[in-house]
Amino acid sequence: MTKNKAKTGVLLVNLGTPDSTATADVRKYLREFLMDRRVIDIPFLSRWLLVNLIIAPFRAPKSAQEYRKLWTDRGSPLLFHTEDLKRKLIKTLDPALFQVEIAMRYQSPGIEQGLAALNKANVKEIIVLPLFPQYASATNGSVMDKVMEIARKWQIIPNISFISNFVDHPLFLKAWEELGNEMLAGENYDVFLFSYHGLPERQIKKASVDGYCKLNDKCCTNYTKKNQFCYRAQCFLTTRLIAQQLGLPEEKTITCFQSRLGKDPWIRPYTEDLVKELASKGVRKVLAFSPAFVADCLETTIEVGEEYKEQFLALGGEKWDLVPSLNSRDSWVACVKELVTAKTGQAG
1 MTKNKAKTGV LLVNLGTPDS TATADVRKYL REFLMDRRVI DIPFLSRWLL
51 VNLIIAPFRA PKSAQEYRKL WTDRGSPLLF HTEDLKRKLI KTLDPALFQV
101 EIAMRYQSPG IEQGLAALNK ANVKEIIVLP LFPQYASATN GSVMDKVMEI
151 ARKWQIIPNI SFISNFVDHP LFLKAWEELG NEMLAGENYD VFLFSYHGLP
201 ERQIKKASVD GYCKLNDKCC TNYTKKNQFC YRAQCFLTTR LIAQQLGLPE
251 EKTITCFQSR LGKDPWIRPY TEDLVKELAS KGVRKVLAFS PAFVADCLET
301 TIEVGEEYKE QFLALGGEKW DLVPSLNSRD SWVACVKELV TAKTGQAG
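Each residue of the sequence shown is one higher than the last, beginning at 1 in the working numbering.
Rendered as structure tokens:
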């Protein structure tokens with residue numbers, strides 16, 4: 001091997017987090033996040049007025065309180081779990097062949113910072129892995145868009161490739177199987193609830209090939225080449241595959257969607273509605289999964305793990321447990337390694 005052989009650059013990108021729990025930092029984060037045209041896909045002026053005059057000013061104080069519940073001595077879990085993932089991944093890769101950087105789509109460390117580090121190292125190629133298992137324009141698409149926006153300004157642009165999703169990767173499923181089995185040991189649950197981040201229905205339809213999208217369970221539970229990039233169909237596929245790994249009864253397994261924003265219809269069923277429905281039907285014990293997130297964050301720890309739990313128990317439920325995210329689990333690190341090395345033809 002040539003001593004000065006150029007490396008392959010790897011950029012792991014997660015969603016982002018406020019720099020602190022101060023209301024001003026949370027407001028800054030919300031503005032950057034929600035002003036992304038792929039997140040709120042309405043005309044710029046309408047989006048600017050909505051975000052800067054309504055959502056950010058009024059939502060920031062409440063969100064700051066929620067982030068304070070989440071924050072630890074190490075800061076934001078989403079950030080430090082991503083940092084831990086990077087450290088562990090580096091140990092599994094040949095340092096002579098790979099350079100790994102992390103970035104957040106919103107706030108810091110930014111994508112521009114991560115790409116600059118790889119560009120400075122004069123890497124021969126860059127593999128970008130958005131850390132979102134299911135492809136959506138508002139997440140994976142936004143990361144790809146930002147990377148290309150930055151790289152097109154460079155004088156020399158190395159080969160840049162993207163990993164668009166990994167819902168059916170065996171090691172991704174294995175990691176969730178391990179976590180699920182740890183929670184299932186010695187426990188009995190009435191229902192297994194898989195809650196994913198929601199999207200407006202219009203975004204699903206906009207991504208439909210030749211108007212194929214029907215936005216119903218008959219369509220979304222049949223994963224084909226026509227709906228392979230449909231976020232809702234990918235979520236239903238993720239649920240089926242993880243449930244199969246764990247041997248969960250199909251009739252007790254539910255896919256649903258959380259985190260609605262605004263009055264427009266979002267993809268259904270809504271998690272908050274199912275919490276009420278399950279309690280009303282006499283369901284007493286629920287095990288919840290959040291497989292749209294690979295690191296614990298506000299949407300998992302607080303929304304699913306605390307808020308829905310409080311609602312369920314207040315309505316008569318007895319037990320509501322949340323399976324933790326993949327974070328920097330060894331089997332997840334192995335999955336990321338395989339995703340990256342497969343792109344270079346060095347897998348295995």
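Even for Gly, the Cβ is constructed at its ideal location relative to N, Cα and C.
Everything numeric in this text was worked out from a predicted model, so none of it was measured.
Length of the line joining the Cα atoms of residue i and residue j
{"i": "K433", "j": "D94", "result": "It is not possible to answer for residue 433, since the shown part of the chain is limited to 1 through 348."}
{"i": "F257", "j": "E112", "result": "31 Å"}
{"i": "M144", "j": "N159", "result": "14 Å"}
{"i": "E306", "j": "T341", "result": "37 Å"}
{"i": "A233", "j": "T221", "result": "6 Å"}
{"i": "T2", "j": "L34", "result": "Unreliable placement is indicated for T2, whose pLDDT of 48 sits below 50; no coordinate value is reported for it."}
{"i": "L339", "j": "N140", "result": "15 Å"}
{"i": "H81", "j": "D296", "result": "8 Å"}
{"i": "H197", "j": "S259", "result": "6 Å"}
{"i": "G282", "j": "I302", "result": "24 Å"}
{"i": "S108", "j": "N188", "result": "41 Å"}
{"i": "A374", "j": "Q228", "result": "Any answer about residue 374 is impossible in this case: the structure gives the chain only from 1 up to 348."}
{"i": "Y270", "j": "L53", "result": "27 Å"}
{"i": "G262", "j": "D41", "result": "13 Å"}
{"i": "K5", "j": "S63", "result": "47 Å"}
{"i": "L237", "j": "V167", "result": "8 Å"}
{"i": "H169", "j": "P133", "result": "9 Å"}
{"i": "K309", "j": "E66", "result": "15 Å"}
{"i": "S331", "j": "L246", "result": "16 Å"}
{"i": "G186", "j": "L248", "result": "15 Å"}
{"i": "P57", "j": "F44", "result": "18 Å"}
{"i": "G75", "j": "D210", "result": "45 Å"}
{"i": "N119", "j": "Y106", "result": "20 Å"}
{"i": "K153", "j": "K226", "result": "34 Å"}
{"i": "E272", "j": "L199", "result": "15 Å"}
{"i": "R38", "j": "N165", "result": "17 Å"}
{"i": "D36", "j": "Y29", "result": "11 Å"}
Proximity of residue i and residue j at Cβ, strictly below 8 Å
{"i": "A60", "j": "L115", "result": "no"}
{"i": "V286", "j": "Q311", "result": "no"}
{"i": "S142", "j": "A207", "result": "no"}
{"i": "E201", "j": "L215", "result": "yes"}
{"i": "V51", "j": "R27", "result": "no"}
{"i": "E318", "j": "R284", "result": "yes"}
{"i": "L83", "j": "G9", "result": "Before going on, a small fix: residue 83 reads as Glu here, not Leu. Not closer than 8 Å, so no."}
{"i": "K343", "j": "I102", "result": "no"}
Buried versus exposed, by CB contacts within 10 Å (16 or more), residue i
{"i": "Y212", "result": "exposed"}
{"i": "F293", "result": "buried"}
{"i": "Q155", "result": "exposed"}
{"i": "T224", "result": "exposed"}
{"i": "K337", "result": "buried"}
{"i": "G348", "result": "Note that G348 has pLDDT 49, beneath the 50 cutoff, so the model's placement of it is unreliable and no number is given."}
{"i": "K146", "result": "buried"}
{"i": "F98", "result": "buried"}
{"i": "I55", "result": "buried"}
{"i": "N122", "result": "exposed"}
{"i": "P77", "result": "buried"}
{"i": "V333", "result": "buried"}
{"i": "L313", "result": "exposed"}
{"i": "Q49", "result": "Here residue 49 is Leu; the residue named in the question, Gln, does not match the sequence. Exposed, because fewer than 16 other Cβ atoms sit within 10 Å of the Cβ of L49."}
Cβ-Cβ separation, residue j to residue i (assumed contact under 8 Å), whole Å
{"i": "K86", "j": "L12", "result": "6 Å"}
{"i": "S290", "j": "E299", "result": "7 Å"}
{"i": "G316", "j": "A279", "result": "5 Å"}
{"i": "S328", "j": "K91", "result": "The pair is not a contact, with the Cβ atoms about 11 Å apart (cut-off 8 Å)."}
{"i": "C235", "j": "I204", "result": "Going by Cβ atoms, the distance from C235 to I204 rounds to 11 Å, so no, they are not a contact pair."}
{"i": "M104", "j": "T17", "result": "7 Å"}
Residue i: CB within 7 Å of a non-hydrogen atom of the ligand ATP
{"i": "L179", "result": "Of ligands this structure carries none, so the ligand ATP is not represented either."}
- Is the stretch 112-131 close to the stretch 21-31, with three or more CB pairs under 8 Å? Taking 8 Å as the limit for Cβ pairs, the verdict is that the stretch 21-31 does not touch the stretch 112-131.
- Query: Should the stretch 173-180 be regarded as contacting the stretch 320-337, the criterion being three or more beta carbon pairs within less than 8 Å?
  - Reply: Two segments are said to touch when three or more pairs of C-beta atoms, one from each, lie closer than 8 Å; by this definition the stretch 173-180 touches the stretch 320-337.
- Item | Cβ contact (3+ pairs, closer than 8 Å) linking the stretch 241-249 and the stretch 169-176 | As far as the Cβ criterion goes, the stretch 241-249 touches the stretch 169-176, which means the pair count is three or higher.
- Are the stretch 181-196 and the stretch 251-270 touching, with three or more C-beta to C-beta distances below 8 Å? The stretch 181-196, when compared against the stretch 251-270, does touch it at the 8 Å Cβ threshold.
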